[in-house]
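Visitor: First, the structure itself, so that you have it in front of you.
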Amino acid sequence: MVAPSMLAADLAELKTAVEWVNRSEADWLHLDVMDGTFVPNISYGIPVVQAVKKHARKPLDTHLMIVQPERYFDAFKEAGAAILTIHYEASTHLNRSLQRIAQLGMRAGLALNPHTPVSLLEDSIADVDVLLIMSVNPGFGGQRFIENTYSKVEKAKNLILQKKAKTLIEVDGGVHAQHAAALFASGADILVAGTAVFQSADPVQAIAELKNS
Ligand code: DX5
Ligand code: ZN
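The working numbering numbers the first residue of the sequence shown as 4 and each following residue consecutively.
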């Protein structure tokens, strides 16, 4: 599956970008929410998710790069998030947070920064619907893909199989067409791509290329 990240789109033409995604083979639409504290950048928040929701025909895959994300679970649900992903590094009471997201009727996502090992999830993977493995340090689009991600995806896949969990694996950051086949082969289910999609001449075609790798 493929989830284009709107962060790389022209934000003044967001509706056009959403319509490209609607017309494409994309599965989800990825929205990066940054608070300037958890990550050294500020992107957009709840009003933008709401605005995108009005036009989007794909599920909103909402990636929260914010501290104390639990403050906003209800608000993101109301705004239209289908998948709500929080960071392991920003969650003191992870079990409670994952349960709460599920209780609200969203798919519970958990993101790992590049330095956070998959082995820490032994006791939580069963509660995770979508495991998002960061393949760059979160905060900015257009960074270089970290090659260690392939082995991290394999480790995640092994843990999921071992625990008989149904968790999907998502990879986010610096993903381009040349990484797609190897990521899918390593066990990834969903690829997030910003620059590769929106900085290309034909976003709809770029999505198809990733998807059919
Ligand atoms: C980074 C974000 C990513 C990013 C992906 O903090 O989580 O979703 O926007 O964009 P590219 O594909 O340009 O790295
Ligand atoms: Zn993201």
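Where is the CB? At the ideal position from N, CA and C, for every residue including glycine.
For A196, report the span of its beta strand (DSSP E) as first-last.
Guide: Segment I193 to A196, the beta strand (DSSP E) holding A196.
Visitor: How is the beta strand (DSSP E) around H90 delimited, first residue to last?
Guide: A84 to H90 is the extent of the beta strand (DSSP E) around H90.
Visitor: Would you say V207 reaches chain B, if we count a Cβ-Cβ gap shorter than 8 Å as a contact?
Guide: Absent from the structure: chain B. Only one protein chain is present.
Visitor: For A29 and M109, I'd like the C-alpha separation in whole angstroms.
Guide: Approximately 19 Å, taken between the alpha carbons.
Visitor: Helix, strand or coil for I149? Go by DSSP, reduced to three states.
Guide: Looking at I149 - three-state DSSP - the assignment turns out to be coil, as it is neither helix nor strand.
Visitor: Which residue wins for smallest C-alpha separation from R99, given the options D126, I49, L164 and G177?
Guide: That would be D126, whose Cα lies nearest to the Cα of R99.
Visitor: Please determine if the segment 194 to 209 and the segment 174 to 182 are in contact, where contact requires at least 3 C-beta pairs separated by less than 8 Å.
Guide: As far as the Cβ criterion goes, the segment 194 to 209 touches the segment 174 to 182, which means the pair count is three or higher.
Visitor: May I have the straight-line CA-CA distance separating N151 from K158, to the nearest angstrom?
Guide: Near 11 Å, if we compare the C-alpha coordinates of K158 and N151.
Visitor: Using DSSP's beta-bridge definition, name the partner residues of I17.
Guide: Strictly speaking, residue 17 in this sequence is Leu, with Ile absent from that position. Its beta-bridge partners do not exist; DSSP assigns none.
Visitor: Output the residues surrounding ligand 3, defined as those with a CB atom closer than 6 Å to any ligand heavy atom, in chain order.
Guide: Judged by which ligands are present, ligand 3 is missing from the structure shown, whose ligands are ligand 1 and ligand 2.
Visitor: How about T88: is its Cβ closer than 7 Å to a heavy atom in ligand 1?
Guide: No, ligand 1 has no heavy atom inside 7 Å of this Cβ.
Visitor: Using the Cβ count rule (16 or more neighbours within 10 Å means buried), how would you classify P206?
Guide: So P206 ends up on the buried side.
Visitor: Assign A78 to buried or exposed, taking buried as 16 or more other Cβ atoms, counted over all protein chains shown, within 10 Å of its Cβ.
Guide: It counts as exposed.
Visitor: Taking buried to mean at least 16 other C-beta atoms within 10 Å of its own C-beta, is T95 buried or exposed?
Guide: Result: exposed.
Visitor: From this set, F143, R147, I104 and W31, which residue's C-alpha is nearest F41's C-alpha?
Guide: For F41, the nearest C-alpha among the options comes from F143.
Visitor: Would H118 be called buried (16 or more neighbouring beta carbons within 10 Å of its own) or exposed?
Guide: Result: exposed.
Visitor: So the beta strand (DSSP E) A180 belongs to, where does it begin and stop?
Guide: Per DSSP, A180 belongs to no beta strand (DSSP E); it is in the alpha helix (DSSP H), A180 to S189.
Visitor: To which residues of the same chain is H58 closer than 8 Å at the C-beta, ignoring the five residues directly before and after it?
Guide: So the qualifying residues of the chain are K18, V21, E22 and N25.
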